[in-house]
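Scroll down for the structure; my scribbles are underneath it.
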Amino acid sequence: MKDNLKVMKNFIPFNDEEYEAVAKVRKILDSLGGIPCTACRYCTDGCPMKISIPDLFGCYNDKKIFNDWNSDYYYGVHTKTSGKASTCIGCQQCEHICPQHLPIIKYLKEVAETFE
């Protein structure tokens, strides 16, 4: 705990210019249409189809931002050992446990349309 408190010893809050910069970056990221998943992985344990939801969302976000072949490649890598987005059966277990309250099933359909 002492180490954690040391970090705050010389704390300097953001000034108005820094807050504006953060808001500008957030607006840009929001405009890209990515999935706002924090990759906490709570959704993966209960998935009966063993879909690695955060990994697939990460591939989707990378494709939206960078639009390169790596996203397609890594989608293939992740779905070799877990379910594809299209294997979702809509049981909603993931949505009930998601701390971000994301519409995961809707997003999985978007991921499937993008990669499959």
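The opening residue of the sequence shown carries number 6 in the working numbering; numbering runs sequentially from there.
We treat Cβ as the ideally placed atom computed from N, Cα and C, and that holds for glycine.
Remember, predicted model here, so these are calculated numbers, not experimental data.
Cβ pair count under 8 Å reaching 3, the region 24–37 against the region 72–87: no
Would you mind working out which of S91, Q105, G39 sits nearest A117, comparing C-alpha positions? Start at 1 with the first residue of the sequence shown, and residue 117 comes out as number 112. Selected option, being the one with the closest Cα: S91.
Measuring alpha carbon to alpha carbon, tell me which of M54, D77, I56 ends up nearest Y65. Here residue 65 is taken as the residue at index 60 of the sequence shown, counted from 1. Of the candidates M54, D77, I56, the one whose C-alpha sits nearest the C-alpha of Y65 is D77.
Contact the region 6–21 vs the region 38–57: 3+ CB pairs below 8 Å: no
Quick check: the Cα distance between L113 and K69, rounded to an integer number of angstroms? Taking the sequence shown and counting its residues from 1, the one referred to as residue 113 is at position 108. Taking the sequence shown and counting its residues from 1, the one referred to as residue 69 is at position 64. Roughly 15 Å separates the two Cα atoms.
Would you call the region 24–31 in contact with the region 51–64, where contact means no fewer than 3 C-beta pairs closer than 8 Å? no
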